[in-house]
Every structure is written in structure tokens, then in C-alpha cells.
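Those protein sequences? They're chains A and B, same order as listed. Residue numbers for the first sequence follow the numbering used here, so the first one is 1 and each next one is one higher. Residue numbers for the second sequence follow the numbering used here, so the first one is 416 and each next one is one higher. Take a look at the structure set out below.
Protein chains: 2
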Amino acid sequence: MKVEIIAVGSELLLGQITNTNASFISSRLAEIGADVHYHTVVGDNPARLKEVIEVAENRADILIFSGGLGPTKDDMTKETIAAHIGVELVSDNQALLFIENFFKRANRKMTDNNKKQALVFEGATVLENKTGMAPGMAVEKEGKHFILLPGPPHELHPMFTDEAIPYLLKLNGKQEVITSRVLKFYVIGEAELEHRIQPILDKQTNPTIAPLATEGAVTLRITAKAATVEEANALIDPVDEEIRSIVGEFIYGIDDDTLSSRVAELLGQQGFTLAAAESLTAGLFMAEFATQPGVSSALAGGVVVYDEKAKIEQLKIEKSLLDEYGVVSSECAASLALNVQRKFSANVGVGITGAAGPTPHDGVPVGTVWIGIALPGKKPKTYKLLLSGNRNSNRQRSARFALYYLIQELSNLDH
Amino acid sequence: MKVEIIAVGSELLLGQITNTNASFISSRLAEIGADVHYHTVVGDNPARLKEVIEVAENRADILIFSGGLGPTKDDMTKETIAAHIGVELVSDNQALLFIENFFKRANRKMTDNNKKQALVFEGATVLENKTGMAPGMAVEKEGKHFILLPGPPHELHPMFTDEAIPYLLKLNGKQEVITSRVLKFYVIGEAELEHRIQPILDKQTNPTIAPLATEGAVTLRITAKAATVEEANALIDPVDEEIRSIVGEFIYGIDDDTLSSRVAELLGQQGFTLAAAESLTAGLFMAEFATQPGVSSALAGGVVVYDEKAKIEQLKIEKSLLDEYGVVSSECAASLALNVQRKFSANVGVGITGAAGPTPHDGVPVGTVWIGIALPGKKPKTYKLLLSGNRNSNRQRSARFALYYLIQELSNLDH
Chain A
1 MKVEIIAVGS ELLLGQITNT NASFISSRLA EIGADVHYHT VVGDNPARLK EVIEVAENRA
61 DILIFSGGLG PTKDDMTKET IAAHIGVELV SDNQALLFIE NFFKRANRKM TDNNKKQALV
121 FEGATVLENK TGMAPGMAVE KEGKHFILLP GPPHELHPMF TDEAIPYLLK LNGKQEVITS
181 RVLKFYVIGE AELEHRIQPI LDKQTNPTIA PLATEGAVTL RITAKAATVE EANALIDPVD
241 EEIRSIVGEF IYGIDDDTLS SRVAELLGQQ GFTLAAAESL TAGLFMAEFA TQPGVSSALA
301 GGVVVYDEKA KIEQLKIEKS LLDEYGVVSS ECAASLALNV QRKFSANVGV GITGAAGPTP
361 HDGVPVGTVW IGIALPGKKP KTYKLLLSGN RNSNRQRSAR FALYYLIQEL SNLDH
Chain B
416 MKVEIIAVGS ELLLGQITNT NASFISSRLA EIGADVHYHT VVGDNPARLK EVIEVAENRA
476 DILIFSGGLG PTKDDMTKET IAAHIGVELV SDNQALLFIE NFFKRANRKM TDNNKKQALV
536 FEGATVLENK TGMAPGMAVE KEGKHFILLP GPPHELHPMF TDEAIPYLLK LNGKQEVITS
596 RVLKFYVIGE AELEHRIQPI LDKQTNPTIA PLATEGAVTL RITAKAATVE EANALIDPVD
656 EEIRSIVGEF IYGIDDDTLS SRVAELLGQQ GFTLAAAESL TAGLFMAEFA TQPGVSSALA
716 GGVVVYDEKA KIEQLKIEKS LLDEYGVVSS ECAASLALNV QRKFSANVGV GITGAAGPTP
776 HDGVPVGTVW IGIALPGKKP KTYKLLLSGN RNSNRQRSAR FALYYLIQEL SNLDH
């Protein structure tokens, strides 16, 4: 099945927004093995949209549209497609009820324009919109499938996953489900990861394995097709295990886990509190940790000690230590971790010091970072980073590396 | 002139990356009044690319391609277009020299594949690539213009602005320059801003004014076309002034200014140092400020006092004050600002306390935030926010509002 994804909206052609819907839909279609051959963007112009549809019908079997389902006169996607393929627009009762209730709740007056949003193709499969007012729809006409989705990503994403994907799977005549598990990696790079699991990648067809690198972290999405979720998971499990046997040390979580959610979880299991002393990261580590709701019981607090004076005055770092080893040193990171742990009476102390750039700091090259971690009753452990990014990528990665090493340390507490 | 933007790359169709090049090119073209009618994405497939070119030639005058200029066998854009329009590929000496030097510097061996990157259309205008190895090119064939650019955004952006835009402007037969000035707003929303300057927006053709909302902040890009940069600026100046006369209080900077660069600049002018006490933001404010290089002289440091205990023990906030007014209060924010200013012997103290969510904090509704600012020899001033986002957007916005109010306070020091 060849797919073309058509986004409708002049704001895309003006560069005011980026077509993230096409990449989202494409990534989900890749998982079910559907081939996307083209993305097209066209403005809110019925004549040009009609031409785009004609081109697409000649080169694809499934045409997926996003945008142009709104209540204003610019929104012409439904009307243009209906006229082109010769179907009537009829009001969908469920959608109309939803819209009426929306206005009642908001205590606002509903206009005729809003009623337009409840119109769907006669005989179409209505795709429920749980996060907005415009329903989606799917219809087949002369062997071609037309799937219409609203433009706002927070409406399109759940609708595509929960409504359009099952519709597409049914087209194969099979009752199938798609299940994914995302393994999340840190420290290891995408190329290195792919190299090490190449034999596994080579032999996979179901489940498929898709590596993706984003913001310095790497993920592997394992996706299986099967008759039931249980069967799909039974296909995923052995692949998951095989990957872990090779590169398990770099995996910090799965699916929606983040570095900070894992740290919060592991601290919670021990009933531990955390304090941090941050130099180059200047609060990023704590701020990242606090993205987790409910961390007030775990985050004892911390200090930003950006310059030498603050390190000495606020955290009692020995002047002699700084003179001997320097501010960017294993000794300073260990001392920061230990002293902030004591100062905040926390179970765990983290110290981060380094040269973010753009200029060397205290004679140490840009990108050199030391992370200290103090655990209860143990000598602080330190880690050295040699980063090659710019100032702010170095600061970001330092904060994330600290979270990652903390996960490693907290996971290995009993060893 | 009708434009179609064609991105070539299978990774786009697999959803591994998003077509940000199309939105970037579109926004730049909007500034010079060129009409973009379509975006198309096609994979690394010469036959399908050829068909896409044929469709595009029928509906556009200018075809702008991104991607597929690399050294691997997947990269077929140049070869496919050359065969289609009947031009020869010849080696560009300057591009070849650049590539050779790149490999010499990196002490790596250059392969024949890399030489392929220096091939350009015979007779084409070569568009210099200052940030990568593949040169771009522009050629006219039977009234249609073909502009080829590399895929990586950090290569495409400067090349498009510095090389492709002047090429396109010359097509009009006029020797013109385009100059933009971006006004940056905070606190005011996009709808409100547009409403207030509607009379100015309505009458503008040169310069044009383009509002854009990103990450909670709003910008206005004023763009003028003229024979020289000076003449363009002379067109921009009165519009800039007119806008400032209406909504100047919300402007925190221009062009590359950020909230933190403006704070750093204003602190620097006074020779002031800054300290912060952060509760819900947990370090975000200081981390955001420290995105600026060279802030170690200005950032005295600060504390993250996430829970009540830390506020009392680390910053000597009076228990009686917290009992009387609560943790999320004007009084607490002022006390945080004042006590952290003293603790770090800083000129300026900032305190941020609030309920980030998802659950109310200390009986205060989610989104309620107090920001305190203590300036030398003045009673601390406090600001209240009522934010409606989720936990992390509330935390982000609190940190940015604190920077914004600090800019306001530091700008009005003499008043």
C-alpha cells in the first residue's frame, strides 16, 4: 500500500509552522510496514488542493490529509474532497453532541460555523476526536482510501494512533494489533549502538527495530504486529532480552521513562533525599530532576556555586584543595557532592563542576567536566566527561550525564 | 513567481526527521514576497524524484530542492536533475579545494565519493557552503529555476539567506537587499499584540511586519526591501518607533537578544551581581541566566529551596512568616529575594515561589507564582503570576517572567 500524506494549510507555506504531522504519521506508518512515498503541503486553496488530490490519486493508494477541518471559511478540506470524489456531507450526531456539550460547558454560544465541524462523508468511518471538536473520517472510493485528520498535533496524534492505525490494519483483511516498546539509552551513541546490535537488526522483520537519536540520547523502538497485545509482547520480549544482553548497561528506561523519572523512582525505592551543588550547570541538574511531579519529598535542595568564592563561602570547599587540584577536578567534584550532602542533610549528594566554554576555565579545556556522587556511608565516586559541544549543549549534557550516573549508582547499591 | 520546495530524503518519509527546511525557506521567502504554493517530500529514489520534478515544473516557476547532495550512493538529487534538464556535471574548483582542505585538516583520507560533492551543473551559479562540504547551485532552464541546497539545516540556513535570497532578488531585475529587525516581546500575547498594532499592520507593504509566537514569547519581524541596507533601515526605523509608542513596555530586546542576554547586559552596565532563591523553578532561573557566556562575574550563586524545611534552614525564612502568609505568597517571595541577596552578598536578589502543579501547593491553586526582586537599598518588589499551563510550562514561564521583570526593574533603576 503506497501512502501520500497531504497537509493543508497556508500557515505551513508561509513557514509559520512546521509540518510535524507528516513526520509523526510517517513514523507510525513505518511501524506497520506501510510505505510512505510522498509528503505534500498545499495552502487553503480549493483549486490547488483538487490538483494535489489528482496527482496523489495517480501515485498512491492511501491519501492521508491533515488540516482544514476547522470552522472557518478557510477550512475547505472536507468540502473539496467530497466534491472531487462525489460523496455527500452529512451531520454526525455523536460529533454534533460533543460540540454542543463543549459550548455548554464553556458557557459560550455555538454558531452555525461550529455545526459545520460535525459534517462527515456519508458512509465514512468516523474517527473520534477525543481532544478537539473536528471528527476525522476515512472512506474508500474506487480503490483509493481517503483519511482526513484535524491539523492540531494534540488532536491528530491520539486520533491517528487510536483510530486511523486500526482502520489501516483492517485494510489488510487481518485483525492485527501493533505494540511498541521503546528502549532508552544514554552514553552510547547511535552509530556505536547500531554497530553492536547489527546482527539483531539484520534478522528482524517482526518485530521491527527502529533506532532514533534525539537530543543526545538514543532510543530503539521495537514494534511487533500480532493478533493480540499478548502475542505482540511475546514477540518483543526475546528481542528486548537479546539487546539487553549486549548493551544493557546503557539502557536507563523504557517507553515514557526519562532520566529524571528513573532517578525519582530509584530514590523513592530507598526513601532517599537528594541535594546538589552545581557549578557550570548552574541549576540545570536540579531543574531537570524537578520536572517530575511530587519530588518535594526527594529534593532536599541545593546550591549554585558558580564562582570560586561561592564554592568556598557557601559550601566550605577548602581553598587549599582548589589551589592544589583546581576547580575542575575529581577532588572538587567529590568535595562538592559530600559537602552539599551534609549541608542539606540529604542521603545523596551530587557535585558538578567543569568548563562549559566558550573559553577554558581555570586552565582546563572546554568540555572537561567532573561529576561527583556521594552515597550514604560511602566515599564519593567521580566521573570525568570530555564533551565536544558548545557551551549550552555541554551544560545540558553534563546535567543529563549526572542523572545517568546517578541511575547507575542507585541501581547498583547492593553490589 | 510561484515556488515549490522539494525535500529529498527517505529519512523524512520514515518520520525520522521533520522537514524544518521547508518552513525555514518558506518564512524567508514570505519576507521577499515570493509565493510558495507547494512543499513536496520524496525519498532517495531517482524515478520518483523525476516524476516530482515533472509535476513541479507544471505548477511552479522556481523549484527549490534540499537534500541529496551528499557523498553516498543514496544522494541522487544533482544527478537526477542534471539528466532531466540536460546539463552536464562539472567539478567546481573552489568547492573541491575546500573539501581537500577539510580532509587535510582532519588528517583523514579523502575518497572519490567526496570528490562527487564538488560536482555542479555546468553554467550554474555556485552557492557557497561555508558550514559544510556540498556546494549549492542555481540554474535556469527554459524559464524554470532550479536551486539545489544541502539537507543539514546548519548548512542550508546560511546558504539560503546569504546566497539563494540574493539570487532570487536578482531575478526581478532589481538590485535589492532585504533587511530584517526582530522585536522581541514578553508578557503580551500574540492576539493582544496584533490587536493593538492592527492599524500599523494594515497599512504596511514595505516594510512588512510578521508576528510569530514561539515558546510563550512573541516576536515581530519587520522586513524591508531597498537598494541598500541603509535605505532598508530607514524604512524600518519609523515603523519600529511607531510600534514602540504603542507596546514598547513589552519589548525586551531585538534580533538575537534573549531574556538572559538582556539581564546580563543590564547587570553588567551597573556592575551588579545576582543571586537567586528558587522553589518551584528548582534552578531553572539561574540555569537560564547562565546560558550567557561569561556570567561568572555576575552570578554570585543561589540556592534551590524546594521544601519548607530548606527555606527555613538554608535561607532563614521565618517560620512565623510561612505560617501567617504561606509559602506561596508575596511575603515569602520578598523574603527569599532579600535573604539570598544577603547570603551571597549580591547586589540583586531574586526569589521565586509557587505552585507548579499538578496538585495545589500549600492550599494555593496550581499556576499561582510569586516573584520577588530585591535591588540595592530598596524594599523588595513582588509580582504575582496566574499561569494556566502544565507543571513544566508553569516552571519554564516562571523563570522567564522573573528574567523579564528583572529587565524591567534594571531598566528603570534611575526612575
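Here a beta-carbon is modelled for each residue, glycine too, at the ideal position from N, C-alpha and C.
- Under the Cβ criterion of 7 Å, A:Met1 is not counted among the residues facing chain B.
- Contact annotation for A:Gln314 against chain B: Gly716 [CB-CB distance below 7 Å, chain order].
- By the neighbour-count definition (other C-beta atoms within 10 Å, threshold 16), A:Ile246 is an exposed residue.
- In summary, B:Gln811 is buried, with 16 or more beta-carbon neighbours lying within 10 Å of its beta-carbon over all protein chains present.
- Its chain contains Lys465, Ile468 as the residues whose beta carbon lies nearer than 7 Å to that of B:His499, once the 5 sequence neighbours on both sides are disregarded; these appear in chain order.
- Taken in chain order, the complete alpha helix (DSSP H) segments of 4 residues or longer contained in the segment 82-130 of chain A are 93-105, 112-116.
- When C-alpha distances from A:His361 are compared across A:Val340, A:Ser335, A:Ile312, A:Ser279, the shortest belongs to A:Ser279.
- Interface flag for A:Pro46 against chain B is unset, since no Cβ pair is found closer than 7 Å.
- The beta carbon of B:Val470 falls within 7 Å of a beta carbon belonging to chain A, placing the residue at that interface.
- Rounded to the nearest whole angstrom, the C-alpha separation of B:Glu739 and A:Thr359 is 48 Å.
- The segment 565-574 of chain B makes contact with the segment 548-556 of chain B: 3 or more CB pairs, one atom from each, lie closer than 8 Å.
- Among the CB atoms of chain B, none fall inside 7 Å of the CB of A:Arg400.
- For A:Met137, the enclosing beta strand (DSSP E) starts and ends at 136-141.
- With distances taken between CA atoms, A:Lys384 lies nearest to A:Val369 out of A:Ala374, A:Val369, A:Asn394.
- In this model, A:Leu299 and B:Leu753 are separated by some 23 Å (Cα to Cα).
- Distance check between B:Asn528 and each of B:Gly485, B:Thr576, B:Val451, B:Glu646 places B:Gly485 closest, using alpha-carbon atoms only.
- In its chain, beyond the 5 residues on either side, Ala356, Gly357, Pro358 have a beta carbon closer than 6 Å to the beta carbon of A:Arg391.
- Non-local beta-carbon contacts of A:Ala217 in its own chain, meaning distances under 7 Å to residues more than five positions away in sequence, involve Lys184, Phe185, Tyr186 in chain order.
- Within the segment 305-339 of chain A, those residues whose Cβ lies closer than 7 Å to any Cβ of chain B are, in chain order, Val305, Tyr306, Asp307, Ala310, Gln314.
- The CB of A:Gly349 never comes closer than 7 Å to any CB in chain B; the least such distance is about 13 Å.
- Considered as a whole, the segment 259-325 of chain A harbours 259-270, 284-289, 308-315, 319-325 as its complete alpha helix (DSSP H) runs of no fewer than 4 residues, in chain order.
- Excluding five sequence positions before and after B:Val456, the CB atoms of its chain that fall closer than 7 Å to its own CB belong to Ala422, Leu427, Leu428, Asn434, given in chain order.
- A:Ala224 sits buried, since 16 or more C-beta atoms from the chains shown fall within 10 Å of its C-beta.
- At least 7 Å separates the CB of B:Met574 from every CB of chain A.
- By the C-beta density criterion, B:Val644 is exposed, having fewer than 16 other C-beta atoms within 10 angstroms.
- Among the residues facing chain B, A:Asn172 is not included, as its CB has no counterpart in that chain under 7 Å away.
- The continuous beta strand (DSSP E) containing A:Glu4 extends over residues 2-8.
- Non-local beta-carbon contacts of A:Val305 in its own chain, meaning distances under 7 Å to residues more than five positions away in sequence, involve Ala277, Ser279, Lys311, Gln314, Leu315 in chain order.
- Scanning its chain for C-beta atoms nearer than 7 Å, with the 5 sequence neighbours on each side dropped, one finds around A:Asp92 the residues Ala118, Val120, Val126, Pro135, in chain order.
- Here the alpha carbons of B:Glu419 and B:Asp655 stand approximately 32 Å from one another.
- Ranked by how close their Cα comes to the Cα of A:Val303, the residues A:Val350, A:Ile254, A:Ala47 have A:Val350 in first place.
- If you check the CB distance, A:Asp44 and A:Ser10 come in under 7 Å.
- Around the Cβ of A:Pro207, a 10 Å sphere holds 16 or more other Cβ atoms; the residue is buried.
- Residue contact check for B:Arg659 against chain A: no CB pair falls below 7 Å.
- Bridge partners of B:Ala789 according to DSSP: B:Gly764.
- B:Phe759 carries a coil assignment under DSSP once its states are collapsed to helix, strand and coil.
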